[in-house]
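**Student:**
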Amino acid sequence: HRSYTVAESVWDVLILAWSPSMTLGNSLLITVAAIANVFMQLVCSIVTFQQLAKSGSFVDDVAVDDAKMWRVSEAQSWDRMDKANWVSLASRVCQLDGSLVLGTLQTSRLKE
3 HRSYTVAESV WDVLILAWSP SMTLGNSLLI TVAAIANVFM QLVCSIVTFQ QLAKSGSFVD
63 DVAVDDAKMW RVSEAQSWDR MDKANWVSLA SRVCQLDGSL VLGTLQTSRL KE
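Numbering (our numbering) for the sequence shown: 3 to 114.
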């Protein structure tokens with residue numbers, strides 16, 4: 003025997019919409035509320051993407067291309083590897099290692 007408790011959200015109430023136990027008016031209100039909920043989530047996602055995703059040090063394509071080139075050339079270089087622990091410079095930068103001598107610019111960009 004399974005039981006389910008309906009939570010106080012549009013998504014759970016939407017299960018009941020258009021069922022025989024609901025009137026036409028109730029089903030319409032539930033459907034309108036669900037559509038409004040989807041619309042608001044889309045608006046919030048768009049605002050978040052436009053305001054937060056583009057902020058920081060990697061705003062333009064040149065910075066992204068430079069970061070990729072650094073990752074391929076310097077960050078994975080045998081010469082830049084911590085040979086005592088066998089850890090690449092890229093791993094140390096991603097772990098925000100505070101003892102780095104090289105890669106401090108990339109570490110500070112990640113902290114942003």
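No residue lacks a Cβ here, since even glycine has one placed at the ideal position from N, Cα and C.
Work out the CA separation of residue 39 and residue 73 for me, nearest whole Å.
**Tutor:** Locating residue 73 in the sequence shown gives position 71, where the first residue counts as 1. Locating residue 39 in the sequence shown gives position 37, where the first residue counts as 1. Spanning the two alpha carbons is a distance of roughly 41 Å.
**Student:** For residue 91, count neighbouring Cβ atoms within 10 angstroms of its own Cβ and tell me buried if that reaches 16, exposed if not.
**Tutor:** In the sequence shown, residue 91 corresponds to position 89, counting from 1. Burial call: buried.
**Student:** Under three-state DSSP, which class holds residue 84?
**Tutor:** Taking the first residue of the sequence shown as position 1, residue 84 is located at position 82. Reduced to three states, the DSSP call for residue 84 is strand.
**Student:** Which same chain residues, not among the five before or five after residue 36, have their C-beta less than 6 Å away from its C-beta?
**Tutor:** For the purposes of this step, residue 36 is taken as residue 34 along the sequence shown, with counting starting at 1. If we look at residue 36 and ignore the five residues flanking it on each side, its Cβ neighbours are 12 and 16.
**Student:** According to the neighbour-count rule (16 or more other Cβ atoms, all chains shown, within 10 Å of its Cβ), is residue 4 buried or exposed?
**Tutor:** Sequence index remark: in the sequence shown, residue 4 carries index 2 (1-based). Residue 4 should be labelled exposed.
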